[in-house]
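Undergrad: Quick one: this structure, given as structure tokens, is what I'll be asking you about.
Protein chains: 2
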Amino acid sequence: MGRAPEEATPVRPDDLTARARIRNAAFALIAQDGVDAATVRAIARRAGVSPSLVLHHFGSKQGVVDEVATWVADVLGDVTRDTDPRAGPAEAHRRRQLRFERMTTETPLLGAYLRRMLLDGTENGLEWFTRAVDASVAGLRQREALGIARPSADVHVTAAMLALLGFAPVLLRPHLEHALRLDFDDEDDRRRWRDAETALLTSALYPRGTAPDGASRAAGGRAAPDE
Amino acid sequence: MGRAPEEATPVRPDDLTARARIRNAAFALIAQDGVDAATVRAIARRAGVSPSLVLHHFGSKQGVVDEVATWVADVLGDVTRDTDPRAGPAEAHRRRQLRFERMTTETPLLGAYLRRMLLDGTENGLEWFTRAVDASVAGLRQREALGIARPSADVHVTAAMLALLGFAPVLLRPHLEHALRLDFDDEDDRRRWRDAETALLTSALYPRGTAPDGASRAAGGRAAPDE
DNA sequence: TCCTCGACTGTACAGGCGTTCAGCTTCCTG
DNA sequence: CAGGAAGCTGAACGCCTGTACAGTCGAGGA
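Chains as they are written, first to last, in the UniProt record's numbering: chain A, 1 to 227; chain B, 1 to 227.
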């Protein structure tokens with residue numbers, strides 16, 4: 001089933017097969033408004049076809065949803081795969097990072113889709129998150145072995161925290177942008193996040209011994225205090 | 001509208017007004033399966049009343065959803081409010097933390113509800129997150145002023161990261177439990193997270209100068225590589 | 001030329017949705 | 001005791017959903 005590698009040519013909607021247009025439409029609708037809002041009719045309208053064709057190609061609505069899921073997994077897989085085995089682990093790691101960041105800024109809907117996947121609590125989301133954390137663990141272990149990182153007492157949990165910080169601009173993008181008045185389309189703001197991340201990891205926030213436990217778990221305010 | 005402070009008496013479902021039972025049922029359903037899955041009929045069934053009564057009390061389904069939202073905000077507000085003004089800022093902060101943690105372990109659905117609130121991208125979720133980050137900023141500023149924390153170049157972003165780390169066990173609880181094989185019902189596992197958090201913040205992970213950018217942004221694996 | 005097959009459409013149906021409304025109890029108040 | 005308000009129900013509505021199905025069209029092989 002080998003396909004010739006395509007060049008990066010501009011693709012116009014009409015060039016795509018109806019099947020691909022349907023998949024894209026479903027992806028966009030699911031990412032923006034969720035699976036429930038992505039009705040067969042809405043998908044068809046967006047793809048410029050009849051609702052029947054959606055079912056003709058994918059069997060059922062669930063078929064479309066599944067196809068989108070594996071398509072996203074494939075896209076993410078392409079980003080993740082190491083292209084040059086000669087590069088060292090640290091270099092490979094950095095390249096993955098860059099590719100992922102480029103992809104999510106080029107296709108902002110990917111972030112929205114991932115957010116939904118995670119927070120829907122579906123099996124898919126759990127698996128994806130687990131793989132991401134596992135990759136983070138491997139990366140941290142390598143860096144420890146190379147002496148780049150100090151050994152952590154709890155590598156897994158620490159790696160999960162690193163993954164969390166790295167994914168946050170993607171997964172919680174709208175929230176961070178709103179709370180911090182940032183715009184992650186702007187390279188400056190993206191660097192602001194990265195710089196703070198670096199600062200946090202290269203210079204202890206609290207002196208050893210004192211442990212205010214860092215995170216403010218303080219939550220929302222009252223909406224209507226009437227007593 | 002003053003109400004006498006109630007004692008902590010066990011409350012049986014039959015003791016609650018139908019209105020309260022409906023609200024609770026809606027809260028649980030929304031938290032577990034989302035707003036769309038929480039149909040008027042499902043809410044009524046769970047509350048042991050007729051669908052008509054739901055609308056009789058709340059006017060419309062949106063009315064129920066709104067009521068649940070402000071109810072959650074109230075509950076969260078009670079947790080957040082400072083009870084003892086004589087306690088110092090650091091102590092107040094720690095108390096808020098403890099209360100929030102107790103509440104979310106007592107009522108696990110709260111976490112699920114917050115997760116969905118963030119996911120939907122509703123105005124509510126954005127506001128709540130912003131308030132949480134603001135509180136975190138204030139806390140960090142105080143700790144800086146008190147000399148507990150080293151000054152951050154970017155207080156806002158740093159505070160957001162702290163908030164993120166603190167909220168993660170609540171917001172991404174199922175994902176972290178799955179990826180790290182933890183059980184946050186277990187006090188030991190909760191401490192494991194807190195300890196790693198403390199370690200990360202009291203001892204620089206990377207030596208100054210080197211900046212591998214920490215987070216592994218590596219994403220999922222391939223599902224069906226057929227080319 | 002005929003036949004077949006895949007892409008594609010329009011119509012129809014059953015079921016679930018939110019909502020309306022008339023009518024029933026039950027309880028409080030004058 | 002009368003009467004009205006409040007709590008509560010069942011039936012019905014119009015709408016939208018996913019899906020089934022018959023049928024049209026055009027390209028390609030016998």
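Quick reminder that beta carbons are idealized off the backbone N, C-alpha and C, glycines included.
Just so it is clear, the structure is predicted and the values come from calculations on it, not from any experiment.
Tell me the start and end of each unbroken alpha helix (DSSP H) in the UniProt domain "HTH tetR-type" (16 to 76) of chain B that is at least 4 residues and wholly inside, in chain order.
TA: 18 to 33, 40 to 47, 51 to 58
Undergrad: Using CA coordinates, which residue listed in Leu55(A), Ala163(A), Asn24(A), Pro169(A) is at the minimum distance from Glu187(A)?
TA: Pro169(A)
Undergrad: Between which two residues does the alpha helix (DSSP H) holding Phe167(A) run?
TA: 155 to 171
Undergrad: Could you tell me which chain B residues have their CB closer than 7 Å to the CB of Thr130(A), listed as they occur along the chain?
TA: His178, Ala179
Undergrad: Please list the partners that Leu109(B) has in chain A, where partner means a Cβ-to-Cβ separation under 7 Å.
TA: Ordered by position in chain A, no residue passes the 7 Å Cβ test against Leu109(B), which lies about 12 Å from the chain.
Undergrad: Is Gly125(B) close to chain A? Criterion is C-beta to C-beta, closer than 8 Å.
TA: yes
Undergrad: Is it true that the CB of Tyr206(A) sits closer than 8 Å to the CB of Thr202(B)?
TA: yes
Undergrad: With contact counted as at least three CB pairs below 8 Å, one residue from each stretch, are the stretch 17 to 31 of chain A and the stretch 110 to 117 of chain A in contact?
TA: yes
Undergrad: Should His156(A) be flagged as near chain B, meaning a C-beta pair shorter than 8 Å?
TA: yes
Undergrad: Let's test the definition: count the other Cβ atoms within 10 Å of the Cβ of Gly139(B) and tell me whether it reaches 16, buried, or not, exposed.
TA: buried
Undergrad: Of the residues Leu109(A), Gly147(A), Phe184(A), which one's Cα is nearest the Cα of Ala31(A)?
TA: Leu109(A)
Undergrad: Identify the contact partners of Arg116(A) in chain B, using a Cβ-Cβ distance below 8 Å as the criterion.
TA: Leu119
Undergrad: So Leu126(B) is in the alpha helix (DSSP H); what residue range does that whole segment cover?
TA: 123 to 145
Undergrad: Near Gly221(A), what residues of its chain come up, given a Cβ to Cβ distance below 6 Å and the 5 sequence neighbours on each side ignored?
TA: Residue placement at Gly221(A) is poorly supported in this model, since its pLDDT is 37, which falls under 50; the coordinates still yield a value, given next. For Gly221(A), where only same-chain residues beyond five positions count, there are no Cβ hits under 6 Å.
Undergrad: Consult DSSP for Phe100(A) and reduce its assignment to one of helix, strand or coil.
TA: Phe100(A) sits in a helix when the DSSP states are folded into three classes.
Undergrad: Can you name the start and end residues of the alpha helix (DSSP H) that Tyr113(B) belongs to?
TA: 108 to 120
Undergrad: Taking C-beta to C-beta, are Ala20(A) and Val49(A) nearer than 8 Å?
TA: no
Undergrad: At a CB-CB cut-off below 8 Å, which residues of chain B make contact with Leu164(A)?
TA: Leu164, Leu165, Ala168, Leu172, Ala215
Undergrad: Report the neighbours of Val40(A) on chain B: residues whose CB is nearer than 9 Å to its CB, in chain order.
TA: By Cβ distance, chain B contributes nothing, its closest Cβ being about 16 Å from Val40(A), past 9 Å.
Undergrad: Expressed to the nearest angstrom, what Euclidean distance is found between the alpha-carbon atoms of Asp15(B) and Ala47(B)?
TA: 13 Å
Undergrad: I need the DSSP call for Ala218(A), collapsed to helix, strand or coil.
TA: Residue confidence for Ala218(A) is low, a pLDDT of 40 falling below 50, so the modelled location carries little weight; the figure read from the coordinates is stated next. Coil, per DSSP.
Undergrad: Can you list the residues of chain B that Ser199(A) reaches, using a CB-CB cut of under 8 Å?
TA: The displayed chain sequence assigns Ala, not Ser, to residue 199(A). Residues of chain B passing the Cβ test: Ser152, Ala153, Asp154, Thr158.
Undergrad: Given a threshold of 16 other Cβ atoms within 10 Å of its Cβ, counted over all protein chains shown, does Arg194(B) qualify as buried or as exposed?
TA: Buried.
Undergrad: What in chain B is Cβ-close to His175(A), meaning under 8 Å?
TA: Against chain B, the beta carbon of His175(A) has neighbours under 8 Å at Leu118, Gly125, Leu126, Phe129, Thr130, listed in chain order.
Undergrad: Tell me which residues share the same chain as Ala38(B) and place their Cβ nearer than 7 Å to its Cβ, disregarding the 5 neighbours each side in the sequence.
TA: Closer than 7 Å at the Cβ level, and outside the excluded window around Ala38(B), lie Ala26, Leu29, Ile30.
Undergrad: Does chain A have any CB closer than 8 Å to the CB of Arg45(B)?
TA: no
Undergrad: If you follow the alpha helix (DSSP H) that Arg191(B) is in, where does it begin and where does it stop?
TA: 187 to 202 is the extent of the alpha helix (DSSP H) around Arg191(B).
Undergrad: Exposed or buried, Pro174(B), counting other C-beta atoms within 10 Å across all chains shown (16 or more means buried)?
TA: buried
Undergrad: Quick one: residues in its chain with C-beta nearer than 7 Å to the C-beta of His156(A), no 5 flanking neighbours on either side, listed in chain order?
TA: Val137
Undergrad: Using a beta-carbon distance below 8 Å, is Val65(A) in contact with chain B?
TA: no
Undergrad: Is the CB of Gly221(A) under 8 Å away from at least one CB in chain B?
TA: Note on Gly221(A): pLDDT 37, under 50, position unreliable in the model; the coordinate value appears next. Yes, Gly221(A) lies at the interface with chain B (some Cβ there is under 8 Å from its Cβ).
Undergrad: Below 8 Å, can you find three or more Cβ-Cβ pairs linking the stretch 89 to 107 of chain B to the stretch 68 to 79 of chain B?
TA: yes
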